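Asker:
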Amino acid sequence: MDEGLTLAASDFALFGLPERFALDVDALDTKWKSLQAAAHPDRHATETAAAQRVAMQWAVRINEAYRRLKNPLARAAYLCHLHGSDVGAEDNTAMPAAFLMQQMHWRESLAEAPDLAAVDALADEVSASRRETLGTLARQIDETDPVDWRAVAATVRGLMFVDRFLADVDRRIEALHD
Amino acid sequence: MALLQISEPGQGPDPHQSRHAIGIDLGTTHSLVAAIRHGIPECLPDAQGRVILPSAVRYMGGGRREIGDAALASQPDDAENTVVSAKRFMGRMLADLRGHGKLPYRFTDVSGMVGIATREGVKTPVEVSAEILATLRQRAEDTFDDDLYGAVITVPAYFDDAQRQATKDAAKLAGLNVLRLINEPTAAAIAYGLDQGVEGLYAVYDLGGGTFDISLLRLARGVFEVVATGGDSALGGDDYDQRLAAWLLERAGLPVLEALAPRERRHVQTEARRVKERLSDAGQVTARVDVGGRVHEIEVARADFEAATAELTATTLRLLKRVLRDAKVGADEVQGVVMVGGSTRMPVVRAEIAGLFGRPPLTDLNPDEVVALGAAIQANALAGNAASGELLLLDVTPLSLGLETMGGLVERIIERNTTIPAAKAQDFTTFKDGQTAMAVHVVQGERELVADCRSLARFELRGIPPMVAGAARIRVTFQVDADGLLSVSARELGSGVEASIVVKPSYGLSDEQVASMLKEGFATAEEDMARRSLREAQVEAERMILATESALAADGDLLEPGEREAIEALLARTRTTAAEAGAPRTIEDAVEALAAGTESFAAARMNRGIRAALAGRNVNEL
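If you're matching them up, the sequences are chains A and B in order. Here the working numbering runs 31 ahead of the position in the first sequence, where the first position is 1. Here the working numbering runs 3 ahead of the position in the second sequence, where the first position is 1.
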């Protein structure tokens with residue numbers, strides 16, 4: 032039997048997309064849909080038990096890759112992983128002092144925000160910072176040669192803090208709406 | 004896909020030309036079955052021409068049952084042996100049921116799920132639902148005069164894992180091959196062909212006899228995502244009857260409903276329902292109320308009815324607005340509203356919806372039938388009968404799935420709205436030195452504390468080699484299949500010790516229990532049980548033979564000559580066994596051998612499909 036893609040192929044290979052940070056979201060969506068059209072268990076409902084098992088494995092794998100590629104943070108972390116610099120590695124946890132100071136400042140602002148307008152303003156500020164960090168990631172990964180993957184991993188870890196904080200901000204906004 | 008034309012000698016016409024797939028709306032108050040006939044979806048009637056089967060089962064003693072209208076007719080005289088609204092109890096324990104004291108049943112907890120004591124012993128809601136499903140299955144088989152290929156069954160979008168699993172168990176018990184469980188609002192949207200239409204937000208307003216559900220769906224790139232759901236499980240058309248009945252009595256200067264004798268009370272309610280239904284077309288109707296030995300005639304204008312029930316309609320709108328708020332969308336962003344449930348025939352409901360959304364709701368299809376029709380369309384596609392083969396429904400998990408961690412906190416593994424099928428693994432570690440076992444507690448819900456989530460299952464991973472706290476690496480894998488059902492496994496990575504569970508949520512009917520329930524028999528399954536299970540094994544064998552043959556026809560070139568011969572030999576053996584064996588087990592063994600022998604062929608075929616999918620797109624993009 033001939034060779035081809037396997038379940039172990041990288042997310043990028045599976046979707047036939049270039050291995051980089053910048054992503055054509057439309058192409059990703061289109062490919063996800065055509066891959067699922069081939070693999071989804073519903074498309075194999077009339078087939079043998081073996082074929083249905085394989086369909087399930089592929090559909091799961093495709094959804095996993097899609098979710099990871101679609102989310103910029105997960106995508107950057109995955110690129111780090113592919114290049115042997117895992118974001119979660121334990122020798123990698125120290126964050127720069129300036130970054131930690133800013134986090135503390137944001138947390139205080141959230142705790143002290145008197146009303147919805149203040150929380151909204153904070154959300155805007157943090158979102159702007161997030162966009163800036165995504166720009167940094169794009170430069171570090173797509174425009175640097177050779178790529179310093181340890182530096183990329185550090186940026187990704189910073190972004191994780193920011194995303195977690197944004198989730199807290201969202202929860203606060205919801206609470207204020209109720 | 005090209006199918007090889009082969010029919011079993013003596014089996015009549017080519018079986019795959021008539022793969023009978025049905026859609027079933029298993030409802031709280033009534034149920035329906037639909038199928039594609041002559042190219043269009045339609046609901047199948049019983050011998051009396053009735054399409055709607057009331058979801059009522061009466062246990063009469065001696066294994067006899069009344070199901071549907073007959074059961075409803077007997078209900079007033081035999082309430083405690085006549086189970087209605089079993090859907091409300093599916094996958095639930097006694098502690099989950101609020102206000103069950105008002106119901107005429109004697110509830111008990113059996114193997115983790117509520118049961119109802121009847122004169123024929125304790126019946127679980129799964130068994131009651133199976134009676135209804137078996138009745139509909141029989142109806143479909145009579146219609147086609149043939150075996151069924153399989154069924155799609157609808158469930159409410161908010162149904163959790165326990166309720167979905169219970170529904171699937173009921174289908175199994177009723178002898179149905181479940182092709183897929185799909186969400187009711189999604190089925191309604193399919194019936195209207197919205198999956199073929201414009202991407203965007205759609206609302207499904209489902210006002211049934213006793214329940215009100217509102218769902219907000221987003222269609223994007225072929226995925227129907229349930230964005231938000233809401234409603235009231237104790238609000239429906241029956242409440243409208245009740246309000247109108249009260250109004251009629253007051254108008255005629257009669258005592259209130261509660262003060263009447265049971266027979267008179269039922270009469271007034273029935274008359275109220277008739278008047279309500281007439282008022283959907285007529286502006287004015289004369290009600291005839293026979294109370295206290297005298298017939299009272301009361302003129303009812305549509306405006307009177309609407310005023311008497313305005314509070315109910317307003318409640319549905321309030322709940323609807325809450326769902327929009329939850330989803331953070333405005334009414335103007337909704338592209339269409341699908342009406343489901345007989346109660347949406349009321350002009351006032353349609354007018355209010357039109358007012359809120361600034362556009363008339365979709366009402367072309369019969370609101371009682373729309374869910375079953377959508378399920379039939381999906382069943383037909385899954386059976387491989389759809390001409391285009393284009394319909395692909397990608398569903399999402401309605402609720403987050405996670406594990407209990409230290410301190411009663413929930414660690415979410417699979418977030419809500421994850422496209423299914425999905426799998427995700429996460430590593431955990433031990434808490435104490437020398438810990439050799441770990442309890443895995445699987446929960447479902449959005450809250451942070453285990454106590455606020457629904458417990459789905461517990462199991463233990465034992466035999467972890469003793470290590471210092473935090474040294475073990477235990478990988479817990481969650482897998483959700485295309486029906487939204489969960490299985491969880493845990494594995495210690497160093498030693499390879501493994502434990503897993505198919506989340507048969509806390510109650511869990513084992514296959515043996517299902518088998519023993521089957522043996523106890525069904526009213527509708529009068530045929531000899533042994534013959535039935537033999538027939539089912541044969542049907543399954545035919546299904547697998549056909550599937551393998553069509554796979555060989557399509558992709559046989561992937562096989563080396565030796566590989567092909569091996570599969571042909573397995574095929575021949577399955578065919579002979581199915582035709583000659585007298586025991587279902589022998590046939591099942593042959594089918595399993597066939598499945599095992601085609602494993603790598605299946606993998607190679609999928610590989611080809613995946614590459615074709617990618618290549619096709621690449622060509623289009625050039």
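Ideal Cβ positions, reconstructed from N, Cα and C, are used throughout, including at glycine. Everything numeric in this text was worked out from a predicted model, so none of it was measured.
#1: Kindly indicate which three-state DSSP category B/R68 falls into: helix, strand or coil?
#2: Looking at chain B, is there any beta carbon in it that lies within less than 9 Å of the beta carbon of A/S140?
#3: When we look at the beta-carbon of B/I193 and count the other beta-carbons within 10 Å, is it buried (16 or more) or exposed?
#4: If I follow the unbroken alpha helix (DSSP H) through A/P103, where does it start and stop?
#5: Relative to the C-alpha of B/I301, which residue among B/L182, B/L327, B/G487 and B/G256 is closest?
#6: Would you give the residue range spanned by the alpha helix (DSSP H) that B/P587 belongs to?
#7: Going by Cα to Cα distance, which pick from B/E583, B/D398, B/I477 and B/A177 is closest to B/E420?
#8: Nearest by alpha-carbon distance to B/D209: which of B/G448, B/I590, B/S218 and B/T422 is it?
#9: Measure the C-alpha to C-alpha separation of B/G234 and B/T319 and round it to an integer number of angstroms.
#10: Does DSSP put A/Y97 in a helix, in a strand, or in coil?
#11: In angstroms, rounded to a whole number, what distance separates the CA positions of B/R614 and B/R95?
#12: Below 9 Å between beta carbons is the criterion; list the residues of the stretch 70 to 82 of chain A that meet it against any residue of chain B, in chain order.
#13: Whose Cβ in chain A lies nearer than 7 Å to the Cβ of B/I613?
#14: B/G26 to B/A599, Cα distance in whole Å?
#15: Cβ closer than 9 Å: which chain B residues qualify as neighbours of A/D60?
#16: Specify, as a first and last residue, the run of the beta strand (DSSP E) that B/D99 falls within.
#17: Helix, strand or coil: which one does DSSP assign to B/H33?
#18: Could you pull the DSSP bridge partners for B/G405 from this structure?
#19: Does chain B have any CB closer than 9 Å to the CB of A/V85?
#20: Looking at the secondary structure, which residues open and close the alpha helix (DSSP H) in which B/G233 lies?
#21: List, in order along the chain, the chain B residues whose C-beta lies closer than 8 Å to that of A/N94?
#22: Taking the alpha-carbon of B/G361 as reference, which of B/E552, B/I477, B/Y108 and B/D335 has the nearest alpha-carbon?
#23: Can you find a CB in chain A that lies within less than 9 Å of the CB of B/R576?
#24: Exposed or buried, what is A/E50 when buried is set at 16 or more other beta-carbons lying within 10 Å of its beta-carbon?
#25: Comparing C-alpha positions only, which one of B/M349, B/E123 and B/G153 sits nearest to A/T77?
#26: The alpha helix (DSSP H) spanning B/E144 covers which residue range?
#27: Take B/E543 and list the residues in its own chain whose beta-carbon comes closer than 7 Å to its own, dropping the five residues that flank it on each side.
#28: Return no unless some Cβ of chain B is closer than 9 Å to the Cβ of A/D33.
#29: For A/Q133, name the three-state secondary structure that DSSP assigns.
#30: Could you give the distance in angstroms between the alpha-carbon of B/R268 and the alpha-carbon of B/A248?
#31: For a test of the three-state rule: what should DSSP assign to B/K427, helix, strand or coil?
#32: Which whole-angstrom value describes the C-beta separation of B/D627 and B/L97, a residue pair presumed to lie in contact below a C-beta threshold of 8 Å?
#33: For B/L640, which three-state DSSP category applies?
#34: Residues of chain A with a CB under 7 Å from the CB of B/E602: which are they?
#35: Looking only at C-alpha atoms, which of B/M609, B/I156 and B/E602 sits nearest to B/A557?
#36: In this structure, how does DSSP classify A/A44 when only helix, strand and coil are distinguished?
Answerer: Checking against the coordinates, here is how it stands:
#1: For this step, residue 68 of chain B is matched to residue 65 along the second sequence. Strand, per DSSP.
#2: For the purposes of this step, residue 140 of chain A is taken as the residue at position 109 of the first sequence. Closer than 9 Å: no.
#3: The residue given as residue 193 of chain B occupies position 190 in the second sequence. Classification of B/I193: buried, given that the 10 Å Cβ count is 16 or more.
#4: Residue numbering aside, residue 103 of chain A sits at position 72 when the first sequence is read from its first letter. DSSP places A/P103 inside the alpha helix (DSSP H), whose first and last residues are P103 to L113.
#5: As a first step, residue 301 of chain B is located in the second sequence; it is residue number 298 there, counting from the start. For B/I301, the closest alpha carbon among the candidates B/L182, B/L327, B/G487 and B/G256 is that of B/G256.
#6: Here residue 587 of chain B refers to the residue found at position 584 when the second sequence is read from its first residue. Looking at the DSSP string, the run of the alpha helix (DSSP H) that includes B/P587 is P587 to G600.
#7: The sequence position of residue 420 of chain B within the second sequence is 417, counting from 1. Note that residue 420 of chain B is Asn in the sequence shown, not Glu. Answer by Cα proximity: B/D398.
#8: Along the second sequence, read from residue 1 onward, the residue named residue 209 of chain B stands at position 206. Closest in alpha carbon position to B/D209, among B/G448, B/I590, B/S218 and B/T422, is B/S218.
#9: Here the question's residue 234 of chain B lines up with position 231 in the second sequence. Here the question's residue 319 of chain B lines up with position 316 in the second sequence. Going from the Cα of B/G234 to the Cα of B/T319 covers about 7 Å.
#10: As a first step, residue 97 of chain A is located in the first sequence; it is residue number 66 there, counting from the start. Reduced to three states, the DSSP call for A/Y97 is helix.
#11: Within the second sequence, the letter at position 611 stands for residue 614 of chain B. Within the second sequence, the letter at position 92 stands for residue 95 of chain B. Going by the C-alpha atoms only, they are around 45 Å apart.
#12: Those residues of the stretch 70 to 82 of chain A that come within reach of chain B (Cβ to Cβ, closer than 9 Å) are A70, H71, P72, D73, R74, H75, A76, T77, E78, T79, A80, A81 and A82.
#13: Taking the first residue of the second sequence as 1, we reach residue 613 of chain B at position 610. Neighbours of B/I613 on chain A, chain order: L36, L66, A69, A70 and W89.
#14: By one-based count along the second sequence, residue 26 of chain B stands at place 23. By one-based count along the second sequence, residue 599 of chain B stands at place 596. If I take the Cα positions, the gap works out to 31 Å.
#15: Here the question's residue 60 of chain A lines up with position 29 in the first sequence. Simply A223 and R224.
#16: Here residue 99 of chain B is taken as the residue at index 96 of the second sequence, counted from 1. Here B/D99 belongs to no beta strand (DSSP E), and DSSP marks it neither H nor E.
#17: Reading the second sequence from its first residue, position 30 is the one you call residue 33 of chain B. Residue state, collapsed to three classes: strand.
#18: As a working mapping, residue 405 of chain B is identified with position 402 in the second sequence. Its beta-bridge partners are B/R415 and B/V446.
#19: In the first sequence, the residue the question calls residue 85 of chain A occupies position 54. Yes, A/V85 lies at the interface with chain B (some Cβ there is under 9 Å from its Cβ).
#20: Reading the second sequence from its first residue, position 230 is the one you call residue 233 of chain B. From DSSP, B/G233 is part of no alpha helix (DSSP H) but of the beta strand (DSSP E) over V226 to D235.
#21: Counted from its first residue, the first sequence places residue 94 of chain A at position 63. Chain-ordered, the chain B residues with CB closer than 8 Å to the CB of A/N94 read T421, T422, I423, P424 and A425.
#22: By 1-based counting over the second sequence, the position of residue 361 of chain B is 358. It is B/D335.
#23: Here residue 576 of chain B is taken as the residue at index 573 of the second sequence, counted from 1. No, B/R576 lies away from the interface with chain A (no Cβ there is under 9 Å from its Cβ).
#24: Translated into the one-based positions of the first sequence, residue 50 of chain A becomes position 19. Burial call: exposed.
#25: Stepping through the first sequence from its first residue, residue 77 of chain A is reached at position 46. Scanning B/M349, B/E123 and B/G153 for the CA closest to the CA of A/T77 turns up B/G153.
#26: The count along the second sequence starts at 1 and reaches residue 144 of chain B at position 141. Its alpha helix (DSSP H) spans residues P128 to F147.
#27: Position 540 of the second sequence, counting from 1, holds the residue named residue 543 of chain B. Excluding positions up to five away in sequence, the list reads V594.
#28: Here residue 33 of chain A is taken as the residue at index 2 of the first sequence, counted from 1. Low per-residue confidence applies at A/D33: pLDDT is 39, beneath 50, and the placement is therefore not dependable enough to give any value.
#29: Walking along the first sequence from the start, residue 133 of chain A turns up at place 102. A/Q133: helix per DSSP, three-state reduction.
#30: Taking the first residue of the second sequence as 1, we reach residue 268 of chain B at position 265. Taking the first residue of the second sequence as 1, we reach residue 248 of chain B at position 245. Between the alpha carbons of B/R268 and B/A248 lies a gap of roughly 9 Å.
#31: Numbered from its first residue, the second sequence carries residue 427 of chain B at position 424. DSSP places B/K427 in strand when its eight states are reduced to three.
#32: Shown here, chain B extends from 4 to 625; a query on residue 627 of chain B therefore has no answer.
#33: Outside the modelled stretch of chain B, which goes from 4 to 625, sits residue 640 of chain B, for which no answer is possible.
#34: For the purposes of this step, residue 602 of chain B is taken as residue 599 along the second sequence, with counting starting at 1. From the beta-carbon of B/E602, the residues of chain A found nearer than 7 Å are A81.
#35: Residue 557 of chain B sits at position 554 when you count from the first residue of the second sequence. Selected option, being the one with the closest Cα: B/M609.
#36: As a first step, residue 44 of chain A must be located in the first sequence, where it is residue number 13. Helix, per DSSP.
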